[in-house]
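Beneath this line is the structure, given in structure tokens, with notes to follow.
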Amino acid sequence: MLWNVDLTLLDVGQVMRAAYAEAFEKVTGEPLVYLTSASGRTDSEMFFEFCARNYVDIEPDGDALAQFLTALEVSFAERRGELRSKGRAMPGAAASLSAVANMPETIQTVVSGSTRANATAKLEAFGLEAYLDLSIGGFGSVNYPKSSLIQSIRLHAAGEDMRPYAENETVLVTDSAPDVRAALIGGATPVAVLNGATTEGQLRDAGARHVLPDLGDPRAVMTAVAQAST
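Here my numbering = 1-based position in the sequence shown + 1093.
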């Protein structure tokens, strides 16, 4: 069972944007004037798009990216105390995580565009990490698209009989159409929630089998997950 983090389980966008701006200027020497949508993207992908949109020439190697991710973790850590005052857990997130955790033979983790350190800090700020096995999660610390992260988790996470989870046993809950498409490519069934700006029609057009209004009804979440994994 895979969960997207931002705008699915929680919203700390205000804090994250400030950290992006500070880290970008620290690494490139240029201000981050033009942002880009984080929907479906990892921090690694966003860095190069930031450079393109802000007309910053950067060598397409890993050095600048590694510097940016390190600076981003430092900037975000410095703002960790702001997460609860400027952010929020999505209604029903904790209850839904708890409910799904009680489903038989279910392991929960995340597929996040953020680095492991930043994704963990976000979840810990709202007490959501207790329901998740973050050791097998997929994070934006590596320069791979989310579809590859999903596939890697599915192939390497082992069930009770120590075999990898099959595609029909893997479910991703997300609020974004790009994540829905990434799930289909990575071998997971997408369940969508209307937490963000994406409409139900856009989510279904992207391939979502189930669309929930939010996470406020844990029973509905459990039903959607059970149906998606059969």
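Glycine residues also receive a C-beta, built at the ideal position from the N, C-alpha and C atoms.
Q. Between which two residues does the beta strand (DSSP E) containing residue 1265 stretch?
A. Taking the sequence shown and counting its residues from 1, the one referred to as residue 1265 is at position 172. It spans 1264-1267 - the beta strand (DSSP E) in which residue 1265 sits, taken as one unbroken run.
(Q) Is it the case that the segment 1298-1307 contacts the segment 1239-1250, given that we only count it when at least three CB pairs across the two stretches are under 8 Å? (A) no
Q.
Short of 7 Å in beta carbon distance, which residues of its chain neighbour residue 1277, apart from the five on each side in sequence? Order them along the chain.
A. Here residue 1277 corresponds to residue number 184 of the sequence shown, with the count starting at 1. For residue 1277, where only same-chain residues beyond five positions count, the Cβ hits under 7 Å are 1283 and 1300.
Q) Once you ignore the five residues that flank residue 1133 on each side, which residues in its own chain have a CB closer than 8 Å to its CB? A) Position 40 of the sequence shown, counted from the start, is the residue given in the question as residue 1133. Counting only Cβ-Cβ distances below 8 Å, and skipping sequence neighbours, we find 1206, 1239, 1269, 1270, 1271, 1272, 1274 and 1275.
**Q.** Inter-residue CB distance, residue 1120 and residue 1157 (contact presumed, cutoff 8 Å)
**A.** Your numbering for residue 1120 matches position 27 in the sequence shown. Your numbering for residue 1157 matches position 64 in the sequence shown. That belief holds up - the Cβ atoms of residue 1120 and residue 1157 are roughly 6 Å apart, short of 8 Å.
Q: My understanding is that residue 1187 touches residue 1220, with C-beta atoms under 8 Å, so please give their C-beta distance in whole angstroms.
A: Along the sequence shown, read from residue 1 onward, the residue named residue 1187 stands at position 94. Along the sequence shown, read from residue 1 onward, the residue named residue 1220 stands at position 127. Their Cβ separation, rounded to whole angstroms, is 7 Å, which keeps residue 1187 and residue 1220 in contact under 8 Å.
Q: Evaluate the contact criterion for the segment 1169-1185 versus the segment 1308-1320: three or more CB pairs, one atom per stretch, below 8 Å.
A: yes
**Q.** Rounded C-alpha distance that separates residue 1036 from residue 1319
**A.** Because the chain spans 1094 through 1323 in this model, residue 1036 falls outside it and cannot be assessed.
(Q) If we require 3 or more residues per run, which beta strand (DSSP E) segments fall completely within the segment 1115-1178? (A) none
(Q) Please state whether the Cβ-Cβ distance between residue 1116 and residue 1172 is less than 8 Å. (A) As a position in the sequence shown, residue 1116 is number 23, starting the count at 1. As a position in the sequence shown, residue 1172 is number 79, starting the count at 1. No, these two residues do not count as a Cβ contact at 8 Å.
Q) So residue 1267 and residue 1101 are in contact, right, with Cβ under 8 Å, and what is the actual spacing, rounded? A) Counting from 1 along the sequence shown, the entry for residue 1267 is found at position 174. Counting from 1 along the sequence shown, the entry for residue 1101 is found at position 8. 5 Å between Cβ atoms; contact.
Q: Could you tell me if residue 1233 is buried or exposed, where buried requires 16 or more neighbouring beta carbons within 10 angstroms of its beta carbon?
A: Position 140 of the sequence shown, counted from the first residue, corresponds to residue 1233. Looking at its Cβ environment, which holds 16 or more other Cβ atoms inside 10 Å, residue 1233 is buried.
**Q.** For residue 1280 and residue 1263, believed in contact at Cβ under 8 Å, the rounded distance
**A.** Counting from 1 along the sequence shown, the entry for residue 1263 is found at position 170. Counting from 1 along the sequence shown, the entry for residue 1280 is found at position 187. Rounded, the Cβ-Cβ distance is 6 Å, consistent with contact.
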